[in-house]
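Numbering (full-length UniProt numbering), first residue to last: 1 to 404.
In what follows, a structure is listed as structure tokens, so that the remarks can point back to it.
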């Protein structure tokens, strides 16, 4: 590439719709848990593309699967099925409660399919009056108009005119509020994250989780678990519900399912799937052979017991390291989350400065995330080496030292 044609960050302002405010660096290559920018500066990746790059960058199994499939067939549409989609669907049923799978391209699309299935079930079995979706404040379920409305953050859904109706938001972890509101006649489904990601890395209490499932059963309400961020090994179980002692009726998954290749899926039971007949829902790219081949490779690796056990070991390393840093530079009030979906909440003195930490970390060669203005979020590769964790934490300490 000649200097005249070198891509620059300023191009973003010229040609991109300003929905984002990206950092000044432009990464150009990655390997494992490391990324290099245009100037060949190296970064350790604790962000993982927002819980997407579960096997790091350019994992050999993923590269091999993509390359092999790219030399076979790329696209068919769902007028015909394909081998990678069928193999992947079979494997997803083997690692979960599910018996049936619908493929999409993203978490938002998977959630849209889940919500449409729930509404269709209610209409078929109870009538249109049983249409309410209960979701939770500070939740996040995607950016389509339906899913962003179900998500409990008005900042994302306001300003677009009338919203889809029959959506109610209740406080997360508030059993009494849920008991007081849920209705056998009115409520169709509860949609919840088994650990709130965008809302600040908030874990559910065991009492709340049990109550949600019990109340769904009592009132003939479907439980939809949004595992877009928590799924595919992120919490140390293949799906987070497996560590919570409950089973959903419908589950959505995406993000790390493709390890960086766009793919999503809705998982459900045979009985519920009967309400989605030919033409009820669809997707041009859903079940694409390329995406499914890569996702199959991801599932094969992540479902290995040693990989899942390793997530829990790496969580302990992060917690120990963050505690050491905080003992020296006390800016965090607590470390939240599970597995490798962790959030360091800033204390009262540091409120609103999560992005300052993100920028300072970038200057030290470390990529992190935020979850709101007050939480620094870590969602690295599930197979990041212990040495890279220690090195990344050392860079984080330098970043914090530069701010104190």
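Cβ atoms here follow ideal geometry from the backbone N, Cα and C, with glycine treated the same way.
Only a predicted model underlies this, so the values are computations on that prediction, with no experimental measurement involved.
Could you check how far apart the C-beta atoms of residue i and residue j are, in whole angstroms? I think they sit under 8 Å.
i, j, result
"residue 105", "residue 262", "5 Å"
"residue 140", "residue 199", "6 Å"
"residue 54", "residue 381", "6 Å"
"residue 252", "residue 227", "6 Å"
"residue 266", "residue 102", "4 Å"
"residue 325", "residue 350", "With a Cβ gap of about 13 Å, residue 325 and residue 350 do not count as contacting."
"residue 148", "residue 133", "In fact, because the Cβ distance is near 13 Å, the residues do not count as touching under 8 Å."
"residue 345", "residue 334", "5 Å"
"residue 280", "residue 120", "7 Å"
"residue 405", "residue 221", "An answer regarding residue 405 cannot be provided, because it is not within the stretch 1 to 404 covered by the chain."
"residue 389", "residue 318", "7 Å"
"residue 112", "residue 144", "5 Å"
"residue 69", "residue 293", "4 Å"
Helix, strand or coil: which one does DSSP assign to residue i?
i, result
"residue 348", "helix"
"residue 282", "coil"
"residue 229", "coil"
"residue 189", "strand"
"residue 167", "strand"
"residue 274", "coil"
"residue 195", "coil"
"residue 244", "coil"
"residue 27", "strand"
"residue 400", "helix"
"residue 50", "helix"
"residue 201", "coil"
"residue 2", "Only weak support exists for where residue 2 lies, its pLDDT of 48 falling under 50; the value from the coordinates is given anyway. Of the three classes helix, strand and coil, the one that applies to residue 2 here is coil, per DSSP."
"residue 217", "helix"
"residue 161", "coil"
"residue 19", "coil"
"residue 147", "helix"
"residue 258", "coil"
"residue 314", "helix"
"residue 234", "coil"
"residue 209", "helix"
What does DSSP give as the partner residues of residue i in its beta bridges?
i, result
"residue 43", "35"
"residue 335", "344"
"residue 253", "265"
"residue 57", "32"
"residue 152", "137"
"residue 330", "Note: residue 330 sits in no beta bridge, so no partner."
"residue 322", "Paired residue(s): none; residue 322 is not in a bridge."
"residue 406", "A question about residue 406 goes unanswered here, because the residues of the chain that appear run from 1 up to 404."
So is residue i in contact with chain B if we call contact Cβ pairs under 8 Å?
i, result
"residue 187", "The question asks about chain B, but that chain is absent: this structure has only one protein chain."
Which residue's Cα is closest to the Cα of residue i: the options?
i, options, result
"residue 283", "7, 69, 32, 80", "80"
"residue 436", "48, 41, 40, 19", "The displayed coordinates of the chain run from 1 to 404. Any statement about residue 436 would go beyond what the structure contains."
"residue 173", "389, 209, 76", "209"
"residue 192", "163, 161, 280, 230", "230"
"residue 168", "156, 181, 158", "181"
"residue 170", "138, 213, 143", "138"
"residue 329", "399, 22, 217, 30", "399"
Can you tell me whether residue i sits near the ligand ADP, meaning its C-beta is under 7 Å from at least one heavy atom of the ligand?
i, result
"residue 321", "For the ligand ADP, the structure offers nothing, since it holds no ligand at all."
Continuous beta strand (DSSP E) assignments of at least 3 residues falling wholly in the segment 61-134: 100-104
Mind listing, in chain order, the continuous beta strand (DSSP E) runs of no fewer than 3 residues lying wholly within the segment 348-392? 375-378
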